[in-house]
Amino acid sequence: MAVVLVIIALALPRVLMIFIKVLTDWFARAYDTTIWPLLGWLFLPYTTVAYMAAMLNNNRKVDGWWILLVVVAVLADLGVFSGLRKK
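Each residue of the sequence shown is one higher than the one before, counting from 72 in the numbering used here.
Listed below in structure tokens is the structure:
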């Protein structure tokens, strides 16, 4: 059961990013280049989605409560990676 939860935690943001890329232009509006979303897809998917939400909903600025969302996303990404480590 724990393996299934780890697989879902790893796949969910990446699948969401693929749907966003295919169905919308949000990545083009939030990021100036395509390299950052690609690197985000590989290494920090929760942070990439949170940053994109902040940029789209806050006039291309990350401030206020949006900073908190990005920080929580970074912590979630780091938690997912540290959860893969064997003790």
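Glycine is no exception: its CB is placed at the ideal position from the N, C-alpha and C atoms.
Tell me which residue opens and which closes the alpha helix (DSSP H) that residue i is part of.
i	result
F98	97-101
G111	106-113
V77	73-94
V120	116-128
Indicate whether residue i and residue j have their beta-carbon atoms separated by less than 9 Å.
i	j	result
L115	A144	yes
T119	M88	yes
I138	A147	no
W97	L127	yes
I91	M123	yes
If distances are taken between C-alpha atoms only, which option among the options comes closest to residue i?
i	options	result
V86	I106, W107, W112, D103	W112
R131	A80, D103, V93, W107	D103
V133	L83, A101, V75	A101
P84	V75, W136, A121, V142	A121
Excluding the 5 residues preceding and the 5 following residue i in the sequence, name in chain order all residues of the same chain whose CB lies nearer than 8 Å to its CB.
i	result
T105	F98
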